[in-house]
Amino acid sequence: MTGQILIVDDEPAICRLVRGAVERAGYTVSEAATAGEALKLARREGCELVLLDLGLPDRDGIELVPLIKAMHRAVIILTARDATVEKVSALDLGADDYVVKPFDTDELLARVRTALRHRSAMDDGSGVLAFGSITIDLAARRVLRDGAELKLTRKEYAVLAELARHPDRVLTHSHLLRAVWGEAHTQDVEYLRVTMRGLRLKLEEDAASPVLLRNEPGVGYRLTVT
Amino acid sequence: MNDAARPSPEALLKAARREARGRLKIFLGAAPGVGKTFEMLREGAELLRSGLDVVAGVVETHGRAETESLVAPFEVLPRSSIEHGAHTLAEFDIDAMLVRKPRVALIDEYAHTNAPGSRHPKRWQDIEELRDAGIDVLTTLNIQHVESLNDVVAGFTRVRVRETVPDAVLDDADIEVVDLPPDELIERLKAGKVYVPHEATRALGHFFSKSNLSALRELALRRAAQTVDRHLLDHVESIGERGTWAAGERVVVAIGDQPGGEALIRAAKRLADALHATWTAVSVETPRNATLSADARERMADALKLATGLGATIVTVPARSVFDGLCAHILETRATAVVIGKSRRSWWFELRHGSVVDRLVRGLDGVAVHVVPVAEAASSKAELPTVRAPATRGMLIGLGLVTLTTIAAIGVQPLLGLNSIDLLYLLPVITTATLFGLRPSLVASVAAALAYNFFFLPPLYTFTIADPQNVVTLLVLVIVAIVASQLAGRLQREATIGARTATENAALAAFGQRLAAVSDEAGTATAVCEEVAHLLDVSTVLFARDGNRLVVIGASPENPSLGAIDMAAGEWAFDRGEVTGRDSGTLTASDWQFHPLETALGVLGVLGLAPNGRGDPVPADKRVLFTTLMGQAALAHERLTLEANAREVSALKQRDDLRVTLLSSIGHDLKTPLTAVVAAADELAAQHGASTITATLKGEARRLRRVFDDLVEMTRIEAGALVVRREATDLTDAVAAAAQDLRAELASHRMVLEVPPTLPLVDADPRMLHHVLINLLGNAAKFAAPGTAIRVNARRTPDGLAMAVIDEGPGLPQGRETTLFDRFTRVDGDDMSGGTGLGLAIVKGFCNAMNLGVSARNRDEGGAVFEIIWPESSIRHSLPEQTQL
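Residue numbers (the numbering used here), protein chains in the order written: chain S, 19 to 244; chain U, 8 to 892.
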């Protein structure tokens with residue numbers, strides 16, 4: 019892979035270690051210790067993804083999210099704070115994902131791969147997502163399990179389709195509610211809960227321990243395809 | 008429930024107080040000899056037979072065998088002896104009764120006055136104390152001893168008793184009238200069956216007349232009916248029924264300086280009782296008050312004191328005249344009835360001062376004016392205003408001025424002519440009137456008229472008046488003298504009163520300022536003591552409670568002499584919130600009078616006053632001032648106490664806030680190196696291959712992170728800094744997410760998730776619930792052996808929803824099921840697995856914050872069960888409409 023990754027963290031030790039792992043995975047890496055530097059480097063040709071620490075010395079990292087997204091770069095938030103509000107607002111501002119410190123290197127790399135693949139999946143445009151026994155055909159508006167078509171309600175399909183358009187990424191409650199029910203219902207989490215329950219019953223092997231439709235408490239849902 | 012039907016809090020309180028206190032039953036009779044003691048003993052015997060503990064405190068048998076036989080079944084308490092001069096008096100022993108503490112006490116003669124030196128001056132006060140201690144009391148009383156009826160009875164029997172009981176105590180007693188028709192009573196009297204004190208024999212013939220006895224009997228029956236009425240009223244109020252009686256009756260009684268004010272007050276009390284009204288005794292402070300004699304002042308003070316004793320509110324109104332003050336007060340308080348005395352003053356007095364009665368009747372619409380005839384002031388002559396300056400000196404100066412005027416007039420007569428000379432004589436008359444008042448100016452006016460006549464009117468140098476016009480001149484001079492002296496006098500008195508009110512206001516303001524300036528208890532205490540001592544001209548001492556005893560926190564002058572009895576009176580005032588000591592109802596032998604500083608926080612202190620001489624430490628005319636001072640002092644104390652509490656709370660809060668911030672930032676700073684540690688372990692594994700060492704490193708780093716999260720959360724819980732964000736939660740989701748996050752720790756256990764998808768959604772804070780589940784699952788993984796099952800089971804219960812985390816580990820230590828949730832409680836074996844002892848405390852803290860129940864228990868099959876309970880109220884019943892799904 020040739021994607022270039024920008025690591026933004028004011029802690030040199032973290033930068034060095036993350037850099038080692040990311041380079042070993044085959045990416046090229048640049049580093050920034052401040053927000054100003056980060057914006058400058060992100061604008062450069064070739065940069066595809068930014069690993070962004072929120073605690074920067076010169077500016078709150080969260081303010082950089084929309085700026086970097088405007089340059090069409092993927093953004094993964096690295097945060098030491100375990101506050102759901104912060105995660106949700108970063109995601110709502112356009113961040114592709116978040117990882118809580120201390121993170122597992124493998125997990126970080128998995129998230130990086132997802133974020134980059136998602137970009138290519140969008141470019142691909144085939145409209146078909148297949149994982150495990152499930153096939154989601156966005157063009158034909160069909161969902162198959164082991165080759166048999168699943169009967170989904172309209173809302174169930176709409177939620178699943180929205181998740182399928184962003185595979186392996188966490189979508190916030192308000193994102194899903196806005197996409198499916200409209201702007202007026204962004205607070206009606208119970209709509210989503212009931213719909214997800216129906217989806218789990220139809221998609222999961224064991225609805226009591228779901229593996230495909232993952233709940234991120236207080237944040238949103240993620241469709242796990244890898 | 009609407010407002011009108013809600014029980015009034017006062018009524019409920021009264022009922023509650025009646026519950027807790029001992030009950031009082033009074034056997035009320037019209038006259039001695041009707042058989043009250045007999046009835047009391049009979050009822051006592053009945054109670055004794057029904058198994059109650061009944062003790063006779065005082066029973067007056069008057070040596071009659073018949074009565075003595077009735078006393079026989081009772082345990083009779085020995086009386087205490089009190090030395091009084093050469094005599095030893097046997098008195099009711101209240102302390103012995105309190106120690107003996109029977110269920111019911113029989114105590115004869117409710118109105119009895121105790122020997123000097125007893126705890127209370129009156130027996131009814133002893134009985135009140137017994138009732139406070141929860142003892143029921145049966146007692147006897149004759150109708151003429153009831154305070155408010157005292158005058159009425161004295162009016163027709165011509166026998167006045169000195170021993171009276173306040174009406175208020177009768178109000179919450181059960182009253183049984185012991186009735187005997189007058190004829191039968193007279194029979195018994197003749198048969199010698201009625202004990203009569205030797206000295207009273209003379210009055211007997213009159214007292215026991217048939218008409219008197221009938222009247223007394225009627226009074227007794229009426230008074231009993233009134234009490235029954237009052238009880239009914241309280242009951243009706245306490246169950247929230249509002250009847251049809253007029254609400255808000257207010258009776259006002261005007262207190263003047265005339266004798267007979269006491270009769271007026273008793274009349275007002277009777278009226279107020281009959282109307283179920285509150286009543287106020289008003290004394291109007293007019294310019295005339297400044298000229299009152301000492302006797303008149305004493306009378307007013309006594310009248311006000313009696314009014315206080317009968318339950319009136321005392322108000323002093325400054326005004327130009329009694330009429331103005333009374334009218335203003337009546338309008339202001341919207342009183343419905345006014346009681347005033349009609350004195351048989353001279354027509355001359357009425358003409359000059361106007362009849363207050365007539366003007367009130369004409370001037371007040373909708374107010375009932377009750378006029379009570381009052382005995383004539385026998386000594387009204389003696390009470391003429393005292394002259395302000397020595398009269399003889401004034402007269403001499405007046406005469407001197409007239410002489411000077413005469414000399415001057417002789418000098419200027421050739422220039423002015425005769426006609427203006429008379430005007431000159433106005434000068435000495437007006438000057439004398441203004442400076443020395445009526446009598447010197449009258450003397451001066453006569454002297455001026457004579458001098459004018461003698462020196463200037465023809466025939467000269469005789470006192471003969473030829474021209475009638477000159478008679479008019481003389482009269483004018485006299486009238487000018489009278490009018491000028493009256494005007495000047497009034498001005499001067501108003502100025503005096505104005506000055507006094509101004510002085511009091513200034514004193515109050517200064518007191519308030521001084522109190523506001525001090526910020527500690529000692530400063531406030533000193534300020535209160537010094538200011539009150541200064542304003543009332545008394546010695547003061549202020550007590551506060553320190554642990555179990557009272558300590559002096561301020562005094563003026565310093566180092567007051569306080570004996571044992573003074574301390575006892577102080578304690579009493581503090582404990583009961585009553586005025587005690589000198590001139591009060593309790594422990595009157597003390598030199599000090601103690602007033603509790605009552606605030607919304609309870610009694611915060613006791614102020615003791617000792618007059619620097621004789622008399623009441625708080626004279627009647629200073630009572631309003633004193634009440635205001637006490638109010639301010641109490642407020643200041645309350646403010647200090649509240650401030651101290653607030654300081655303590657804010658110090659605690661600041662400390663907690665600091666801890667949260669500190670730990671949060673430490674946690675944050677710690678996570679960076681932890682991240683580096685984990686990344687370094689991964690790096691190691693990548694370069695040299697994964698090993699148990701790198702796995703341990705990563706596992707420990709993760710645990711360290713959780714320990715820190717726990718610490719921060721615990722601090723938040725303790726600081727009350729938790730913000731709960733409830734949202735609709737699917738428990739399947741929540742449990743799955745927790746199991747996913749803990750997959751590394753749970754890897755060696757079998758997870759069994761029994762959370763049916765049919766369960767309703769519940770309310771929970773997602774972050775807190777996640778933390779709770781992580782802690783419970785982590786705990787289970789820590790204690791249960793690898794390979795065993797960890798089950799999460801959720802089910803609907805009749806009153807909500809229960810979710811249990813069940814393991815197959817060693818279970819909980821016996822008897823520790825509840826202490827388990829305390830902070831830093833660690834179970835054996837915790838050391839090995841490195842618990843902080845905070846995990847379960849956080850579970851409990853979060854569950855409390857979310858209003859969820861949490862409990863722990865052992866399973867019969869072995870292993871522990873932790874259960875979280877959602878009450879019915881936190882279950883989301885309303886699901887979205889089908890069209891939205």
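All residues carry an ideal CB built from backbone N, CA and C; glycine is no exception.
Asked	Found
Please tell me whether Gly615(U) and Phe601(U) are closer than 7 Å, where the distance is taken between their beta carbons.	yes
How many angstroms separate the CA atom of Thr413(U) from the CA atom of Gln499(U)?	29 Å
If Gln265(U) sits next to Gly592(U), beta carbons under 8 Å apart, how far is it from one beta carbon to the other, in whole angstroms?	Actually they are not in contact, since the Cβ atoms of Gln265(U) and Gly592(U) sit about 27 Å apart, beyond 8 Å.
Which same chain residues, not among the five before or five after Ser221(U), have their C-beta less than 6 Å away from its C-beta?	Pro189
Would Ala683(U) count as contacting chain S if we go by Cβ distances under 7 Å?	yes
CB Ala122(U) to CB Ile89(U), shorter than 7 Å?	yes
Under DSSP, the alpha helix (DSSP H) around Ala791(U) begins and ends at which residues?	Note, Ala791(U): premise wrong, no alpha helix (DSSP H); not H, not E.
Touching or not, the region 101-116 of chain S and the region 52-63 of chain S, by the rule of three or more beta carbon pairs under 8 Å?	no
Can you check whether the CB of Ala310(U) is closer than 7 Å to the CB of Glu269(U)?	yes
Measuring straight from C-alpha to C-alpha, what distance separates Ile797(U) and Asp717(U)?	22 Å
For Arg864(U), write down the residues that DSSP places opposite it in a beta bridge.	Val872(U)
Tell me, to the nearest whole angstrom, how far the beta carbon of Val259(U) is from that of Ala342(U); I am working on the premise that it is less than 8 Å.	4 Å
Which runs of the alpha helix (DSSP H) spanning at least 4 residues fall entirely within the region 712-768 of chain U, listed in chain order?	738-748, 750-753
Using a Cβ cut-off of 9 Å, pull out every chain S residue sitting near Ala744(U), in sequence order please.	Arg232, Asn233, Glu234, Pro235
Within the continuous beta strand (DSSP E) that includes Asn555(U), where are the two ends?	Neither: Asn555(U) is in no beta strand (DSSP E) and is coded neither H nor E.
For Lys108(U), count the other beta carbons within 10 Å of its own beta carbon; 16 or more makes it buried, fewer makes it exposed. Which is it?	exposed
Below 7 Å CB to CB, which residues in the same chain sit around Val441(U) once its five sequence neighbours on both sides are set aside?	Per the sequence shown, residue 441(U) should be read as Thr rather than Val. Result list for Thr441(U): Ala491, Ala495, in chain order.
Tell me the DSSP bridge mates of Lys334(U)?	Going by the sequence as given, residue 334(U) is Cys instead of Lys. Bridge partners of Cys334(U): none, in fact.
My output table needs one value for Gly836(U): the three-state DSSP class, helix, strand or coil.	Here Gly836(U) scores only 47 on pLDDT, less than 50, and its place in the model is too uncertain to base an answer on.
Distance cutoff 7 Å, beta carbons only. Does Arg211(S) sit that close to anything in chain U?	yes
What residues are listed by DSSP as bridge partners for Asp770(U)?	Ala735(U)
Between which residues of its own chain and Asp10(U) is the CB-CB distance below 8 Å, once the five residues before and five after are set aside?	Note that Asp10(U) scores 43 on pLDDT, short of 50, meaning its location in the model is unreliable and no value can be drawn from it.
What would DSSP say about Ser386(U), mapped onto helix, strand or coil?	Note that Ser386(U) has pLDDT 40, beneath the 50 cutoff, so the model's placement of it is unreliable and the number below is only indicative. Here Ser386(U) sits in coil by DSSP.
Going straight from the alpha carbon of Arg224(U) to that of Glu191(U), what length do you get?	13 Å
By DSSP, does Gln22(S) sit in helix, in strand, or in coil?	strand
Looking at the strands, I want to know which residues DSSP matches up with Phe601(U).	Thr587(U), Gly615(U)
For Ile152(S), which of Thr123(S), Pro185(S), Thr52(S), Asp122(S) has the nearest alpha-carbon?	Pro185(S)
Touch check for the region 124-131 of chain S and the region 28-46 of chain S: three-plus C-beta pairs under 8 Å?	yes
With H, G and I counted as helix, E and B as strand and the rest as coil, what does DSSP make of Tyr175(S)?	helix
Do the region 806-817 of chain U and the region 759-776 of chain U make contact, defined as three or more Cβ pairs closer than 8 Å?	yes
Of all the options Glu734(U), Phe581(U), Val613(U), Phe518(U), which has the alpha carbon lying nearest to the alpha carbon of Ala562(U)?	Val613(U)
Less than 7 Å between the beta carbons of Ile849(U) and Leu859(U), yes or no?	no
Measuring CB atoms only, is the region 31-50 of chain U touching the region 145-159 of chain U, in the sense that at least three cross pairs come out at less than 8 Å?	yes
From Gly263(U) to Asp179(U), what distance separates their C-alpha atoms?	31 Å
Give the residues of chain U in contact with Leu219(S), contact being defined as C-beta atoms less than 8 Å apart.	Pro764
Within 10 angstroms of the Cβ of Val89(S), are there 16 or more other Cβ atoms? Answer buried if so, exposed if not.	One point to set straight first is that residue 89(S) is Met, not Val, in the sequence displayed. Exposed: under 16 other Cβ atoms inside 10 Å.
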